[in-house]
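Chemist: Have a look at this one.
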Amino acid sequence: MLRKYLLVGVALSAITLAPAAQAQLVEITATVGGVTRTLSFNNLESALSQLTGPGLAATFPGYTSGTAVNANINYNNQPLTLIVPQGTTTSIVFNPLTGQAVAVTAASAGGAVNNVRAFFQGDTSVATPVSSLPASVLASLPAEIRNAPVLSPTTLIQSAVRHTITDPVAGNPTSLMPSMVAADFLAGSAPTGAMLGVNQPRETGWRFSLGANIATTTQGGADTRAFSAPMRGSYYNAGTGTEIFLDSVQALVDVSGTNVYQGSVGVGVRQRVWSGTNFEWNVTPAFRWGLAGSENYGRGSQAVGGSLTSDFRYAVTPTYTLAVTNTAAYYQTERYNWSGGSVDYDLQNQFYRNGISLSRPLGEAFGRPVQGGLTFVDTRVTGSHWAIMNWQEYGVVVASGGRLPARFTLTYMNGQQNFQALRFGLSMGF
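Right under this line is the structure:
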């Protein structure tokens with residue numbers, strides 16, 4: 499039976515990891531000298547380099563210094579408009595989703611593009627309000643841009659979090675902040691070496707675990723594949739039911755060919771507060787720090803916060819165990835210098851992650867007891883607005899005990915904006 503579960507999980511993961519058509523990180527449709535062309539790039543640096551004088555001249559033969567440029571930019575599924583008015587070296591960036599705009603000035607066309615890149619990476623010294631431009635330049639701009647509120651790097655990033663679903667830090671279930679909350683939830687509900695039942699004995703001492711997770715996601719025209727390696731060390735005191743843990747989750751995420759790094763470190767205490775012959779209740783306060791970013795995106799951020807997890811287990815019958823796990827967490831972003839850029843996401847979010855599972859013994863495999871269960875988890879986000887504010891997870895879990903305890907999970911996730919994901923996980927304790 500156990501082998502059958504594992505084969506199904508591996509097969510489903512392999513199917514969803516099959517190559518698919520992918521949109522690239524940056525797509526530019528530019529009109530220069532009456533010629534319009536569409537170009538695609540997998541990193542911001544290459545895209546902006548295309549908008550320098552030499553890059554434009556190579557793609558648009560009619561380009562000369564001072565030629566007007568109009569470009570529609572799809573940056574990480576976020577639409578932007580970039581305009582260089584005739585005879586100027588001023589780049590105007592307009593966000594149609596928020597109606598905000600900013601002017602980036604420089605002494606040369608190449609310098610203007612460099613300053614646009616610096617603005618995207620958090621440098622506000624290169625920017626000026628559109629309303630401060632000369633009247634002759636303002637007259638050439640659409641009214642919605644002439645009168646637009648000022649666009650800042652922070653509002654640009656917050657727009658991405660609110661309207662797109664592939665940002666590496668926030669806005670979607672595979673980004674950094676919800677991944678940190680999920681790690682807190684797991685630490686409170688699945689301590690190293692524990693199985694799925696009630697009041698199962700564990701000896702006093704140190705425990706360690708290593709794991710590997712593979713998740714594949716389809717969302718908003720972009721495919722995301724995440725490969726993560728959770729690690730945990732803990733010390734358990736059987737007399738008091740206290741377990742102190744330190745864990746780390748490192749992940750490499752591929753978003754349509756663009757590499758993103760995510761990582762977090764957490765510390766907490768899982769404490770048994772009440773137990774009887776057929777029930778137990780554990781509470782886990784935890785603190786966690788994380789970091790995510792990408793050279794291709796040209797930005798990154800750190801997040802910090804804490805959580806409180808309640809895990810209540812009740813033996814409904816001698817065979818079946820019902821577990822209810824609830825996590826309340828608060829996380830906020832902090833500015834971080836990544837790849838020469840420092841962008842303040844300025845996000846503050848509360849998370850409510852509530853799960854239920856029903857498990858039972860499945861027999862033995864290789865002389866070790868095996869238990870299996872069905873799980874459901876609902877996650878809600880409040881505070882700073884995200885593209886996906888809630889999602890659900892439906893899973894199967896198989897846990898084995900003994901000298902080298904193991905845990906296998908297969909989870910299907912879905913949420914707002916047609917978000918769907920499949921995750922396969924394995925962890926081994928020792």
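With the numbering used here applied, the sequence shown has no gaps in its numbers, which climb one by one up to 928 at the end. Every residue, glycine too, gets a C-beta built ideally from N, C-alpha and C. Since the structure is predicted, the reported quantities are computational estimates derived from the model, not experimental observations.
1) Starting from the C-beta of Q866, find all residues in its chain whose C-beta is less than 7 Å away, skip the five residues before and the five after it, and write them out in chain order.
2) Quick one: what's got a C-beta closer than 7 Å to N697's C-beta in the same chain, skipping five residues either side?
3) Which residue from S677, V602, N670, L580 puts its Cα closest to that of Q918?
4) My output table needs one value for G893: the three-state DSSP class, helix, strand or coil.
5) What distance in whole Å lies between the Cβ atoms of N593 and L578, which are believed to be in contact at a cut-off of 8 Å?
6) Should T877 and W889 be called a contact, given that it needs their Cβ atoms to be closer than 8 Å?
7) Would you list the residues sitting across from N824 in a DSSP beta bridge?
8) Using a 10 Å radius around the Cβ and a threshold of 16 neighbouring Cβ atoms, would you call R535 buried or exposed?
9) With DSSP as the reference, please indicate the residues paired to R465 in a beta bridge.
10) For S855, tell me which candidate among Y561, G755, E891, G761 has the shortest Cα-Cα distance.
11) By how many angstroms is the C-alpha of V841 removed from the C-alpha of L924?
12) Can you grab the Cα-Cα spacing for the pair P859 / T815, in whole Å?
13) Quick one: what does DSSP say A633 is sitting in, helix, strand or coil?
14) Over what stretch of residues does the beta strand (DSSP E) that includes A569 continue unbroken?
15) Measuring straight from C-alpha to C-alpha, what distance separates V582 and R797?
16) If you run the structure through DSSP and keep just helix, strand and coil, what is I655?
17) Going by C-alpha to C-alpha distance, which of N735, Q548, Y843 sits closest to T653?
18) In the DSSP output, which residue or residues are listed as bridge partners for Q698?
19) Could you tell me which of V648, N794, Q830 sits nearest to V591, measuring between CA atoms?
20) From the DSSP secondary-structure annotation, give me the bridge partner or partners of I742.
21) Let me make sure I understand the geometry here. Which of T565, T587, A555, L580 has the alpha-carbon closest to that of E525?
22) What is the C-beta distance between G804 and Q848, in whole angstroms, given that I count them as a contact (C-beta under 8 Å)?
23) So what's S547 in DSSP terms, helix, strand or just coil?
24) Is G686 buried or exposed, if buried means 16 or more other CB atoms sit within 10 Å of its CB?
25) V679 and T825 look like a contact to me (Cβ under 8 Å); what is the Cβ gap, rounded to whole Å?
26) Would you kindly work out how many angstroms separate the C-alpha atoms of N916 and L542, rounded to a whole number?
27) From which residue to which residue does the alpha helix (DSSP H) around R901 run?
28) Among R768, N794, G913, M926, which has the Cα closest to the Cα of N735?
29) What residue range is occupied by the uninterrupted beta strand (DSSP E) comprising A685?
30) Can you find at least 3 beta carbon pairs, one from the stretch 661–677 and one from the stretch 784–794, that sit closer than 8 Å?
31) By DSSP, does A519 sit in helix, in strand, or in coil?
32) Checking the sheet assignment: what are the DSSP bridge partners for L578?
33) For Q830, which residues in the same chain have their Cβ closer than 8 Å to its Cβ, ignoring the five residues on either side in sequence?
34) When burial is assigned at 16 or more other CB atoms within 10 Å of the CB, is N780 buried or exposed?
35) Please state whether DSSP places Q619 in a helix, a strand or coil.
36) If I measure Cβ to Cβ from Q748 and keep anything under 6 Å in the same chain, skipping five residues before and after, which residues do I get?
Modeler: So, from the listed chains and residues:
1) The sequence given here has Arg at residue 866, not Gln. Only S898, G899, G900 meet the Cβ criterion.
2) S773, E778
3) N670
4) strand
5) 6 Å
6) yes
7) S808, N852
8) exposed
9) Nothing about residue 465 can be reported from this structure: the residues present for the chain run from 499 to 928 only.
10) E891
11) 35 Å
12) 12 Å
13) helix
14) 567–573
15) 24 Å
16) helix
17) Y843
18) Answer is none; Q698 lacks a bridge partner.
19) V648
20) Y733, V767
21) L580
22) So it is not a contact: roughly 11 Å between Cβ atoms.
23) helix
24) buried
25) 7 Å
26) 26 Å
27) Counting along the chain, R901 falls outside any alpha helix (DSSP H), and DSSP gives it neither H nor E.
28) R768
29) From DSSP, A685 is part of no beta strand (DSSP E) but of the alpha helix (DSSP H) over 674–687.
30) yes
31) For A519, the predicted model reports a pLDDT of 42, less than 50, meaning its position is unreliable; a value from the coordinates is still stated below. In this structure, A519 counts as coil in the three-state DSSP scheme.
32) I571
33) A801, V802, G803, L845, Q846, N847
34) buried
35) coil
36) A727, G761
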